[in-house]
Structure formats: structure tokens, C-alpha cells
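The structure appears below as C-alpha cells.
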Amino acid sequence: MVLDKRRAHLLSILNQSTAPVPVQELAFQMNVSSRTVYYDVEQINDWLSAQDLALLETRHGKGLCLPESSRQHLESAVMDVGGWHYQLSKKERTLLIKANVLLQQHVSMSTFMDLTHMSRGTVAKVIAALKREFEQAGLTLHYQKGTGYKVDGAEDAQRLMLLNLVVDAFSHPEWVTVQNNIQDMALPSFVPPEDNSRVIKRLLFNVEEQLGATFTDEMADMLALQMLMMVKRMEMNRFVKLQPEEKEVLKQTDACRSASAITQELERIWPVTFPEDEICFLTMNLLSSKVQHNDISRYSERESDGLRQVIHQMIEDFQIYSFVVFDDRRGLEENLLSHIKPAYYRIKYGVKVTNELAQTIQETYADLYHLTKRVIKHLELFIGKPVPDEETAYITLHFGGWLNKEKKAVETKYRGIIVCENGIGTSNMLRSQLEELIAGLRITAILSKREYQKNRHEADIVFSTNYVKASEIPVIHVPAILNNYEKERVIQSMNQLFETEPADRSLPAALMDTIQKYATIHQKDLLQKEIMMMLDSLHTDRKELRKPMLNELLTNDTIQLQDQSPDWQEAIRTAAQPLINRASIHPEYVEAMITNVKELGPYIVIAPGIAIPHARPESGVEQLGMSLLKLDEPVAFSDKEKHKAQLIIILAAIDNQTHLKALAQLTELLSDEQAVDQMIQAASNEEILQLIHQTIEV
């Protein structure tokens with residue numbers, strides 16, 4: 000059995016630690032979930048057993064540790080990157096070969112074999128696959144007898160492949176070996192190895208003020224490597240050429256002035272000269288970089304006007320589709336602009352973005368992601384290209400973070416700082432989750448790891464998505480997106496740190512007590528972990544907003560069928576009556592819906608034949624509700640034919656979020672023209688309910 004890199008790294012951490020290491024600390028050092036750590040521990044124990052060594056031990060309440068007998072045996076062999084037990088994954092090997100052939104003039108088969116520790120036949124298969132990938136990019140990877148493999152084709156296509164190669168390498172934080180190897184390949188011959196990317200990172204940090212932006216630490220590492228690659232290609236006499244009109248646009252930006260400052264300093268210390276096209280190419284890289292903070296007041300009108308219009312329309316449509324109103328709309332517009340500007344350049348130039356959270360976001364916030372997908376069309380039309388799912392996922396977090404920004408007067412008990420490297424949107428969503436979870440918590444700052452370590456801070460607690468050592472301020476390590484298990488852990492940590500009693504007994508602890516009454520527990524820690532995981536998958540945490548399904552809101556009691564209505568006002572009153580009967584809304588809410596139509600026009604007619612009247616929660620909503628009135632004869636909300644409706648659906652939302660799941664399901668139902676026709680033709684509540692159930696089941 001061979002340990003892969005991640006498990007070898009985990010064993011290395013435990014071998015070097017003089018004290019037990021908590022699972023959560025291991026998870027954050029390695030950027031994986033706690034479940035992954037538990038799984039890796041099982042695999043490591045299998046490996047230790049095969050070596051006749053003592054297994055990893057769990058110290059109750061303290062963490063994992065490596066027995067001294069195993070530590071002594073491993074002392075000479077542990078965990079060197081080139082160690083006998085280390086094994087590169089297939090993706091890592093492929094990435095190294097791709098980087099090697101792009102950063103060297105000619106590369107031999109034996110070089111590839113030495114680099115990846117693969118056989119000639121395996122390397123040949125990788126090269127065959129890479130040839131197809133290069134062809135799709137308009138490039139040719141071929142072999143020249145006596146000199147080796149080389150790539151031919153447009154320089155801008157090769158540069159783009161290198162940019163995205165860096166993104167791929169950094170999207171896996173555990174691929175440290177690959178990142179280091181690529182950096183060695185990218186080092187120009189005139190740059191001392193000890194300088195590496197250190198000089199470039201210093202220059203990047205120097206121009207942050209000029210750019211009005213703060214780079215995440217990861218982004219600074221990526222940019223430094225991309226710039227080394229750029230200089231390496233220039234040393235190979237490969238220069239990029241940009242279109243004159245594109246250069247003129249780039250030269251108008253602050254980023255171009257920063258790029259000029261960086262290249263001038265590099266020309267001073269290195270024997271290199273940057274042509275104008277290369278300076279503009281660096282400008283493109285700076286513009287498309289993910290940042291921690293962005294001063295949008297520094298954007299030129301030329302840079303921001305078009306995007307501001309796009310963002311304005313995106314927010315407008317999001318409010319219409321979600322039936323929410325953002326109180327701090329200006330704040331959201333500025334927040335989105337700070338993210339969408341670099342996203343615009345990434346999409347425009349074909350640069351990928353690292354977003355290991357994309358799948359989690361789509362699953363955890365499916366309703367928000369669905370709404371964001373609907374409004375992203377405005378950005379796609381502006382750029383003229385589709386927006387990748389990874390970018391859409393980040394924009395989803397911006398909308399999600401702002402949905403929770405209610406203006407509530409809550410006494411501040413704890414001042415918190417968030418240390419997060421995942422960018423503005425992720426940080427704001429995490430802030431929203433934490434402030435909702437912990438009563439009296441106010442997040443006073445969101446910082447990069449570099450910003451946090453550079454200065455002293457006034458705070459009671461630090462929440463970090465990166466491993467940072469606690470000093471005088473206690474640290475709770477958290478993932479970028481909190482699941483129910485993590486929320487429970489954060490609450491417990493806060494209770495321990497501030498010696499407060501939880502509002503109610505922890506359900507997992509209560510279950511453990513009950514089991515202990517009637518059974519003997521042999522592995523208490525493992526049982527408790529299994530219970531936590533089971534509850535996470537089966538139930539919604541007590542701190543999680545419950546979002547009802549559509550079939551829970553539209554029931555036999557809230558659906559009515561009627562021949563006709565004398566006018567649209569009466570149609571709204573009739574449609575809302577079931578919610579009044581249930582005490583879900585007050586009569587004032589009905590009048591508020593009618594007033595909205597009178598003042599704002601028939602905006603509630605969202606599609607031919609469909610109207611969804613609604614008003615703000617404070618207008619008289621007691622609990623979330625939805626009701627439906629189906630008319631045989633259309634009722635007119637204006638003189639125009641397109642403003643006639645036969646399906647009147649009342650929405651009574653209590654906040655900006657609880658109704659979103661049901662709304663997403665309703666949207667799916669109403670987007671099916673055949674289903675809408677069937678609802679209009681329905682002769683009974685049961686027929687409509689059947690259509691609703693079919694939508695939910697799909």
C-alpha cells in the first residue's frame with residue numbers, strides 16, 4: 000500500500016507535533032473537511048498496520064496523535080516530498096508535463112519520466128491526451144527528432160494556457176509539490192533561486208494602494224508565478240501581441256499604471272525589457288485578479304459605467320424574481336461591482352477562476368443559485384460570452400450575503416474579525432451566517448491572512464477560514480460555508496470560550512446520554528461523530544432557517560377556483576382570503592398589495608396569464624403563506640392585453656429568504672407552458688395539486 004500526498008502530509012503533521020492535534024485544526028491546515036480527515040486517518044492506520052506500526056491514537060477532547068514507537072520508526076523516513084511513499088496523482092502529473100513543455104524550449108521523453116516518475120508508456124498516453132487539448136486551443140504539440148517535444152502556435156493562446164494552468168495548480172492547496180515544481184520551471188535563468196517570487200510579491204503589495212485593492216494571499220502567489228512565467232516566455236524570445244484597440248482600452252486603467260510601475264522596477268533589478276504589449280498583458284492579469292478589498296471609487300467612468308448598468312438590471316430582476324427588496328441596495332451594487340469588474344475581465348479573456356466551493360454553493364444555496372442564474376444573462380449579454388458556473392457561484396454569495404443584512408438593532412456582545420482568503424462575496428456570506436448564528440455578534444472587519452498578521456486588532460474573537468495561530472485573541476477555525484455540523488461546533492466553541500450556557504441542550508449530547516442509559520458505549524467519540532453526521536444529513540439545524548416546499552404552502556385550503564372577478568382589486572382580495580382565514584396575514588396586507596399596483600403599475604403580472612401580488616412583510620404578514628386563485632375568465636390589471644391574468648398567486652413573505660425554496664419550485668412550474676395551460680384548464684383543486692407534486696418530485 001502506498002500513501003498518497005495528502006495522507007502523507009497528514010501523517011507528517013502528526014509526526015512533527017509534540018501534542019495531540021484537534022481534527023478541526025488538521026482540517027484547516029490541509030484545507031479539507033473533518034470527514035475527509037477521519038477517512039484519511041482510517042487509510043493511514045491501514046498503512047501503519049501493514050508496516051507493523053502502532054496506529055494513530057485519539058486523545059479525548061484533545062485530538063489525534065502518533066504513538067512514540069511509530070514516531071521513532073518514521074523519524075528517518077518521514078514525509079519528504081520526494082519520499083519513497085509519495086505518489087503524484089494523475090492530474091498532478093499531467094499538469095507538470097503541460098507546464099514543462101510550455102516553459103522549456105525542447106523537452107525529452109526522459110525529462111517527463113524523471114519529473115513524474117511515470118513509465119514511458121504512461122507518459123505517452125498523457126502526451127496523446129495533451130495533444131488533443133492543445134489542438135482545441137489552436138496549438139500544436141509535436142516531437143522533433145533530436146530536440147524533443149515543443150509547442151507551436153499563437154503566443155496569446157500559450158499564455159492563456161499558462162494562466163489557467165496556474166489556476167488549476169492553486170485550486171488544490173494540497174498540491175504544494177506541483178506548485179513548487181512549476182515555480183522552478185518558470186524561473187528565468189537570470190533570477191536567483193532565492194529571489195524566486197519574493198521580489199514580485201513585494202512589488203505587488205507596493206501597488207495595492209495605487210490599484211485601490213487588496214490581493215488575497217493566494218492571488219498574490221498566483222500573480223507572482225504568472226509574472227515569472229511571463230518573463231520566462233520573454234527570455235525564450237516569445238512575446239505577446241495585442242490588438243491596438245484593446246491596448247488603448249487597457250492603457251486607460253489604474254491597473255496599467257500599476258503594471259508600468261512593476262515592470263519599471265523589474266527592469267531596474269533584472270536584465271529584462273518589457274514592451275508595451277507585455278505591460279498591457281500584465282494589466283489584463285491585474286484586472287482579472289480576485290481581491291480581498293476593492294476601492295470602487297478608483298474606477299474610471301469608462302471602466303465602471305457599463306458594468307454599473309448591468310449590475311443595476313441584475314439587482315432589479317433579482318428583486319422581481321425573488322420578491323424581496325434590498326434595503327441597502329447601493330451597498331449591494333458597490334459590493335457586486337467590486338467582484339464583477341475582475342470577473343468581467345476573466346470571462347472576457349478566458350481566464351479561469353479557482354472556486355472549490357462552487358459545487359457546495361450550488362447544493363447548499365440551490366434556490367439562490369437558481370435566481371442568480373436567471374439574472375446573470377445581463378452580464379452574459381454585456382460580455383458576449385457565457386458566464387461559467389464557478390463565477391455564477393461567487394455572485395450567488397454576494398446576493399445571499401445581502402439578503403441577511405436586515406437593519407436590526409441588536410446589542411453588541413462580541414466583536415469579531417473574519418480572516419478569509421476566498422474573496423469579498425464568500426467573506427460577506429460567512430459574516431451573514433455567523434451574525435445570524437451568534438446572538439450579539441458584530442463582525443467589525445474582514446481581513447486577509449496577511450492583513451491580520453501584519454497589525455494588532457481590537458476584537459473578542461477571530462473566525463478564520465485559514466489556519467492562524469491564536470494569540471491574545473481566541474481563534475475559531477471555520478469553513479467558508481457553514482453546514483449544520485459546523486454551526487453546532489461554532490456554538491459549542493463560543494460557549495466554552497465565553498463560559499456561557501447554551502440556550503438548550505445539544506441534541507447530539509442528549510442522544511448520547513439517552514443511549515448511555517440503556518447500552519454500553521465502547522467507542523464514545525466515534526459514536527458521537529456518527530450521530531453528528533447523521534443529524535447533519537437528516538435534519539435542519541435549530542439555527543437554520545426552514546424553507547418550506549411549494550406543496551406545503553399551496554394546499555387544498557389555499558387554492559380556489561372561480562369563474563370570474565369583477566376587477567383586479569377584488570381578485571387580489573379573493574385570492575388572499577385563505578391567508579386571512581389562517582391568520583397568516585392581516586387585511587392591511589391585502590390593501591398594501593393593491594396600493595402597490597396602483598402606485599407602481601401592473602408589475603405583478605410576471606408572465607402572460609400569471610400575476611403574483613405581494614407587499615413588504617411589515618405591511619401585515621404574521622407567517623409565511625401562499626395562496627392561489629384560478630379564474631376561468633381573465634381579469635385585467637391594465638388596458639393592455641399582456642396584463643390580463645387567470646392565475647393570481649398571493650405571496651406573503653416574512654423575510655428575504657424563507658420563501659425562496661417554494662418560489663424556485665413555483666418558478667419552475669410556471670416556466671412550463673404546458674403545465675400553466677393545464678392549471679388554467681383545471682376543473683378541481685386536485686388537478687392543480689397534482690401538477691405541483693409533479694414539479695416537486697422532478
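Residue numbering for the sequence shown is 0 to 697, as defined by numbering that gives the first Met the number 0. Think of the CB as a built atom: it goes at the ideal place given N, C-alpha and C, for glycine as much as any other residue. Everything numeric in this text was worked out from a predicted model, so none of it was measured.
- The C-alpha of THR425 lies about 20 Å from the C-alpha of ARG414.
- In the three-state reduction of the DSSP assignment, GLY147 falls in the strand class.
- Counting along the chain, ALA606 sits inside the beta strand (DSSP E) bounded by residues 604-606.
- Fully enclosed alpha helix (DSSP H) runs of no fewer than 4 residues occupy 197-205 and 207-210 of the region 182-216, in order along the chain.
- The beta-carbon distance between LEU560 and LYS629, rounded to whole angstroms, is 5 Å. This is short enough to meet the 8 Å contact definition.
- Taking all protein chains shown into account, ASN205 has fewer than 16 neighbouring C-beta atoms within 10 Å of its C-beta and is therefore exposed.
- As a beta-bridge residue in DSSP terms, MET625 pairs with LEU650.
- Counted as a single uninterrupted DSSP element, the alpha helix (DSSP H) harbouring PHE111 occupies residues 108-115.
- Looking at the backbone, the Cα of VAL604 and that of ALA644 are separated by about 7 Å.
- With a cut-off of 8 Å on Cβ pairs, the region 226-246 is not in contact with the region 373-382, counting fewer than three such pairs.
- Its chain contains SER583 as the residues whose beta carbon lies nearer than 6 Å to that of GLN622, once the 5 sequence neighbours on both sides are disregarded; these appear in chain order.
- Counting along the chain, the unbroken alpha helix (DSSP H) around GLN689 starts and ends at 684-696.
- Using a Cβ distance threshold of 8 Å, PHE27 and TYR451 do not count as a contacting pair.
- SER257 is positioned such that its CB atom lies no closer than 8 Å to that of ALA223.
- The beta carbon of ALA614 lies closer than 7 Å to those of TYR588, ALA591, MET592 and ASN595 in the same chain, with the five residues before and after it left out.
- In the structure shown, ARG581 adopts coil according to DSSP, grouped into three states.
- Remark: C-beta atoms of MET226 and LEU281 approach each other more closely than 8 Å.
- Under DSSP, HIS476 forms a beta bridge with SER463.
- Proximity of the region 50-69 to the region 17-24 meets the contact definition, three or more beta-carbon pairs being nearer than 8 Å.
- Assignment of beta strand (DSSP E) within the region 413-460, counting only whole runs of 3 or more residues, yields 413-418 and 440-446 in chain order.
- VAL122 is not a Cβ neighbour of GLY147, given a cutoff of 8 Å.
- When rounded, the separation of the alpha-carbon atoms in LEU138 and GLU91 is 22 Å.
- For GLY62, the uninterrupted beta strand (DSSP E) run begins and ends at 62-64, by DSSP.
- MET235 is classed as exposed because its beta carbon has fewer than 16 other beta carbons within 10 Å across all chains shown.
- Burial is judged here by how many other beta carbons sit within 10 angstroms of a residue's own beta carbon; ASN334 has at least 16 and is buried.
- MET184 places its beta carbon 8 Å or farther from that of LEU265.
- Here DSSP, grouped into helix, strand and coil, assigns TYR142 to strand.
- Cα atoms of LYS97 and LEU114: separation of roughly 12 Å, rounded to the nearest angstrom.
- Here ASP524 carries a helix assignment [DSSP, helix/strand/coil].
- For ASP638, the three-state secondary structure derived from DSSP is coil.
- Distance from the CA of LEU646 to the CA of GLU686, rounded to the nearest whole angstrom, comes to 14 Å.
- A distance below 7 Å between beta-carbons, with the five flanking residues on each side excluded, links MET117 to the following residues of its chain, in chain order: ARG92.
- In the displayed model, ARG131 falls within a helix according to three-state DSSP.
- The C-beta separation of HIS338 from TYR393 comes to about 6 Å, placing the pair in contact by the 8 Å criterion.
- A straight line joining the alpha-carbon of LEU665 with that of PHE317 spans about 15 Å.
- Here the alpha carbon of ALA651 sits roughly 6 Å from the alpha carbon of MET625.
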